[in-house]
Amino acid sequence: MDIINLRDWYRTPTGHVVRRHIQTAVETIWPDITGKRILVLGYGMPYVKLWLKEAQVFCALPAKIGAIHWPNHAPNKCVLTWENSLPFMDQFFDAIFIVHCLEFCQDENEVLEECSRILKDDGRILTITPNRSGAWSHREISPLAWGKPYSHSQLEKAYQNSFIINTTSLNALFTPPTNRPWILKYCETFEKIGRKLQAPMSGVILMEGKKDLHAGAVVRSQEGLNKRFILTPTRLKTT
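This is the structure we're talking about:
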């Protein structure tokens, strides 16, 4: 899985449907991001284009998937780096949005700990991960089936291990995993029913968290802290 695969998939009809319904869930949890400094960790550009007008947005793309110049026809806002050793100062961001990242990393605890380091004390983290109980993580027609899916309990455990308190969780993407237009045509009906029931077989889990200010500080080895790289992405048209 690399950034070209992700970019191309989000340009498909199925990709458009997935983006639209996940974005609706994101806006439910984060209805107002005006004036905030936000880090997008992973391939989240399709979800945050509208944020560029309201907030300071930075994108950190994991070295495993590669990087591109984004946004198009504007100064680049992306860096290519290791997701567990981010090149930002402590308490630099108001919010961190993580998508297409945790499922591909070796240790989600390290990634969340590093995000906690660069998050302000009153900041928020929002992760989107494939749902282990959902059909999307078991059908290889989308990036949601590539990588490690999570259950609610696994995500909560990872948050706790990283001294992050779960504040909100939400199921999203109830349309069946398919590329067939006649099924995608009814996606709004599937989503309305699924949102009302908050059915556990959703395609993704959204989980918001905040720093546990009463927990001990996370101590990272100096070797890990020294391995922070910023690489220049290639200019390439994206969504």
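The numbering of the sequence shown is our numbering, which starts it at 1049 and goes up by one.
The C-beta atom is built at its ideal place from N, Cα and C for all residues, glycine as well.
Anticipated Cβ contact below 8 Å, residue i with residue j, distance rounded
i, j, result
"L1160", "S1210", "4 Å"
"I1146", "I1173", "7 Å"
"T1175", "L1203", "7 Å"
Close Cβ partners of residue i (< 7 Å) along its chain, the five nearest in sequence each way excluded
i, result
"I1052", "none"
"A1073", "L1218, A1220, L1254"
"G1142", "Per the sequence shown, the amino acid found at residue 1142 is Asp instead of Gly. K1084, R1085, I1086, K1168, G1171."
"A1111", "L1128, T1129, W1130"
CA-to-CA distance, residue j to residue i, given in whole angstroms
i, j, result
"Q1270", "V1088", "At Q1270, the pLDDT of 47 sits below 50, so the modelled position is not reliable; the number obtained from the coordinates is stated separately. So the alpha carbons of these two residues sit roughly 25 Å apart."
"Y1234", "R1187", "19 Å"
"L1221", "A1193", "14 Å"
"E1158", "L1232", "37 Å"
"G1092", "H1262", "31 Å"
"R1067", "R1055", "12 Å"
"M1137", "I1077", "26 Å"
"P1123", "Q1104", "13 Å"
"C1107", "G1090", "8 Å"
"E1102", "T1082", "5 Å"
"P1229", "F1152", "29 Å"
"C1149", "K1258", "19 Å"
"Y1207", "V1096", "23 Å"
"W1130", "Q1154", "11 Å"
"H1064", "I1213", "32 Å"
C-beta contact flag for residue i and residue j at 9 Å
i, j, result
"I1144", "C1163", "yes"
"T1062", "N1227", "yes"
"V1252", "G1182", "yes"
"L1128", "G1114", "yes"
"P1224", "F1238", "yes"
One or two residues paired with residue i in a DSSP bridge
i, result
"Q1104", "R1085"
"I1146", "L1089, T1175"
"M1255", "T1175, S1217"
"T1129", "P1110"
"L1167", "F1141"
"I1070", "DSSP output for I1070 lists no bridge partner at all."
Other residues of its chain near residue i: CB distance less than 6 Å, five sequence neighbours each side excluded
i, result
"Q1139", "K1168"
"E1156", "L1150, A1206"
C-beta neighbour in chain D for residue i, strict 9 Å
i, result
"K1101", "Among the chains of the structure shown, chain D does not appear; only one protein chain is present."
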